[in-house]
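Each remark here refers to the structure printed beneath this line.
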Amino acid sequence: MNKPLRRIAIFCGLLVLTLLIRDNWLQYVQADELKEDEHNRRVAIERYASPRGDIIVDGRAITGHATTDGDFKYKRTYKNGAMWAPVTGYVSQAYGATQLEAIDDGILTGNDDRLFFRNTLDMITGKKREGGNVVTTLNGAAQKAAYDGLKKQGAKGAVVALEPSTGKILSMASYPSYDPTTIAGGSTADGEAWNRLQKKNNPDDPMLNRALREVYPPGSTFKVLTAAAALEHGEYDSADEKTDSPLPWTMPGTTTELPNEGDLPCEDATLREALRVSCNTVFGKIGADLGNDKMLETAKKFGFTEEQFVPVRSSASVFSDDMNASQTALSAIGQYNTAATPLQMAMVTSAIANNGTLMKPYMVDELQDPGLDTIEKTDPEEMSKPLSADNAQILQSMMETVVKEGTGTNARIDGVTVGGKTGTAQHGVDNSENPYAWFISYAKADDGSSPVAVAVVIEDENAVRDDISGGGLAAPIAKNVMEAVIESKK
392 MNKPLRRIAI FCGLLVLTLL IRDNWLQYVQ ADELKEDEHN RRVAIERYAS
442 PRGDIIVDGR AITGHATTDG DFKYKRTYKN GAMWAPVTGY VSQAYGATQL
492 EAIDDGILTG NDDRLFFRNT LDMITGKKRE GGNVVTTLNG AAQKAAYDGL
542 KKQGAKGAVV ALEPSTGKIL SMASYPSYDP TTIAGGSTAD GEAWNRLQKK
592 NNPDDPMLNR ALREVYPPGS TFKVLTAAAA LEHGEYDSAD EKTDSPLPWT
642 MPGTTTELPN EGDLPCEDAT LREALRVSCN TVFGKIGADL GNDKMLETAK
692 KFGFTEEQFV PVRSSASVFS DDMNASQTAL SAIGQYNTAA TPLQMAMVTS
742 AIANNGTLMK PYMVDELQDP GLDTIEKTDP EEMSKPLSAD NAQILQSMME
792 TVVKEGTGTN ARIDGVTVGG KTGTAQHGVD NSENPYAWFI SYAKADDGSS
842 PVAVAVVIED ENAVRDDISG GGLAAPIAKN VMEAVIESKK
């Protein structure tokens, strides 16, 4: 072979070798990356080639599917979509997925590695691949009571209900909401619906999950945590001993008196009486006396300062670590920098109702394969012990007094022991923004156990700056949610 031909042959051989290396690199080294690339349309076509599995509540699917024209054969549908959106999130051919739809996408599409053997068997038998199911802890009646209550008020707000003994989320409602079905496809109509839902076009921000992602000043509902700190740190030993609470009381390092909301019997009031009528002076002074460190310690035990994953992420609730005595006093009554998600305040109430033990909140009971066999089961898990059983029971008796003869009488349920606490929190510069009306509560069974703890918050321009707003606007919703849970357990 002459020299020019030899060079051409070597060059062609190198080209073939390069192609082989490149081909093997693409097929083996980059296979997974290319398979998951969002720009690989074949992946998207495969994703929507079969129906997704369902999200289950009370043994029934709250999701479904519909066929569409074009490359994507199926799209997601939702039953009572607006009511369940804070739980399910959405899955869209155009806009991706959120919340349970995103977190458990592998199970719902059938692509999860834990379904490998079943998918292999289906491949051998020629059966079309199916998605598995996500079984939630939600209680349908409680969710309806929560959502309908918020909708009736016609104001922004949220409700979270927990089962104190396990941490199961029984209700998680947010209002205003949206129907995920309207954005599930990729049509022009879906695009128009998506644009209408965006915050820049809709100041009500219906896609915001207020139960998990919004933090609010908790107002007087935070006083139960301050009372817990006082008991746990030995500031007081019972609900009925008099506190060292002058009236008026000037905040440390200032010339400013901390006002109460009206002419209340707060001078040296007992913890029980101070919680019943909601004395700012008593709980503000307790916070200042305990100091920032002890208050922060107790707040952290209840879950403050850390994000929660249920498994959807919840924003971290706020209690600052660098406050002086007067700032700590304001924080101890749920003002200043203190801010909490509705989930967080439900956790506080749940721990008190569960005799001092806080269970980790969760809303997925189990994951199922397409044959309804359990792939993964969630076991209840203790998160912390914010207070002793004795102190929890003292606090329960105080909260029950609030409902029997205090600001929370609208939460009374015939034949059921109920504990609660109202709150109304002003915010904004010079309190210029809409107030937040709060109510936290629990119901107690005859054996002393608690089947449900609830937190309700409502943003309402008609709320007034006292605890009557929490009792008048939020307490009836909490009552309906508790009744729904109690009735479902009969």
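Residue numbering for the sequence shown follows the numbering used here, starting at 392 and increasing by one per position. Just so it is clear, CB atoms sit at the ideal spot from N, CA and C, and this is done for glycine as well.
Cβ atoms of residue 561 and residue 703: under 9 angstroms apart, would you say?
no
Using a threshold of 9 angstroms, state whether the C-beta atoms of residue 619 and residue 743 are closer than that.
yes
Which residues in the same chain have their Cβ closer than 7 angstroms to the Cβ of residue 673, if we skip the five residues on either side of it in sequence?
Around residue 673, the same chain offers 634, 636, 657, 660, 665 as residues with beta carbons nearer than 7 angstroms, after the five sequence neighbours per side are excluded.
Just tell me which of 434, 776, 533, 506 has its CA closest to the CA of residue 484.
434
Verify whether the separation of the beta carbon atoms of residue 810 and residue 835 is less than 9 angstroms.
Cβ atoms of residue 810 and residue 835: closer than 9 angstroms.
Taking 9 angstroms as the threshold (C-beta atoms), are residue 792 and residue 866 in contact?
A distance of 9 angstroms or more separates the beta carbons of residue 866 and residue 792.
Please determine, among 747, 861, 553, 817, the residue with the shortest C-alpha to C-alpha distance to residue 800.
861
Unbroken stretches of the alpha helix (DSSP H), 4 residues or longer, contained in the stretch 718-792:
733-744
N- and C-terminal bounds of the beta strand (DSSP E) containing residue 561
560-566 is the span of the beta strand (DSSP E), which, as asked, contains residue 561.
Separation of residue 728 from residue 675, as counted between CA atoms:
14 angstroms
Could you check whether residue 716 and residue 570 sit closer than 9 angstroms to each other, using their CB atoms as the reference points?
Contact flag unset, no.
If distances are taken between C-alpha atoms only, which option among 652, 470, 520 comes closest to residue 761?
520
What span of residues does the alpha helix (DSSP H) with residue 671 cover, start to end?
671-681
For residue 411, count neighbouring C-beta atoms within 10 Å of its own C-beta (all shown protein chains included) and say buried if the count is 16 or more, exposed if not.
exposed
Endpoints, the beta strand (DSSP E) within which residue 443 is located
Looking at the DSSP string, residue 443 is not in any beta strand (DSSP E), and its letter there is neither H nor E.
Span of the beta strand (DSSP E), counted from its first residue to its last, around residue 844
843-850
Could you name the residues of the same chain whose beta carbon sits closer than 7 angstroms to that of residue 505, not counting the 5 residues immediately before and after it, in chain order?
Cβ within range, chain order: 766.
Helix, strand or coil, according to DSSP, for residue 547 in the structure here?
coil
Sort 846, 539, 722, 482 by Cα distance to residue 577 and report the nearest one.
482
Enumerate in chain order the residues of its own chain whose CB-to-CB distance from residue 542 is below 8 angstroms, with the five nearest sequence positions on each side excluded.
Closer than 8 angstroms at Cβ, skipping near neighbours: 566.
Counting pairs of beta carbons, one from the stretch 642-651 and one from the stretch 843-852, are three or more of them closer than 8 angstroms?
no
For residue 777 and residue 553, which I take to be in contact (beta-carbon distance under 8 angstroms), what is that distance rounded to the nearest angstrom?
The pair is not a contact, with the Cβ atoms about 14 angstroms apart (cut-off 8 angstroms).
Tell me where the beta strand (DSSP E) around residue 466 begins and ends.
465-469
What is the DSSP secondary structure of residue 831, counted as helix, strand or coil?
strand
Flag this pair as yes or no: are the beta carbons of residue 750 and residue 489 separated by less than 9 angstroms?
no
Pull up the CB-CB distance for residue 466 and residue 455, whole angstroms please, since I reckon it's below 8 angstroms.
In fact, because the Cβ distance is near 10 angstroms, the residues do not count as touching under 8 angstroms.
Residues sharing a beta bridge with residue 704, DSSP:
700
Can you give me the C-alpha to C-alpha distance between residue 843 and residue 794, rounded to a whole angstrom?
Note on geometry: alpha-carbon atoms of residue 843 and residue 794 lie some 16 angstroms from one another.
Using only CA atoms, which one of 758, 790, 797 lies nearest to residue 887?
Since the first residue of the chain shown is 392 and the last is 881, residue 887 is not available in this structure.
Would residue 564 be called buried (16 or more neighbouring beta carbons within 10 Å of its own) or exposed?
Buried, because 16 or more other Cβ atoms sit within 10 Å of the Cβ of residue 564.
Can you find the residues in the same chain that come closer than 6 angstroms, C-beta to C-beta, to residue 536, ignoring five residues on each side of it along the sequence?
871, 872, 875
Determine the closest residue to residue 830 out of 868, 458, 497, with distance taken between C-alpha atoms.
If we check each option's Cα against that of residue 830, 868 comes out closest.
Presumed contact (8 angstroms Cβ cut-off) between residue 468 and residue 572, rounded CB distance
5 angstroms
Beta strand (DSSP E) containing residue 812: first to last residue?
808-816
Along the beta strand (DSSP E) that carries residue 606, what are the first and last residues, could you check?
It is not in any beta strand (DSSP E) - residue 606 carries neither H nor E in the DSSP assignment.
Given this structure, state the Cα-to-Cα distance separating residue 361 from residue 827, to the nearest angstrom.
With the chain covering 392 to 881 only, the question about residue 361 has no answer from this structure.
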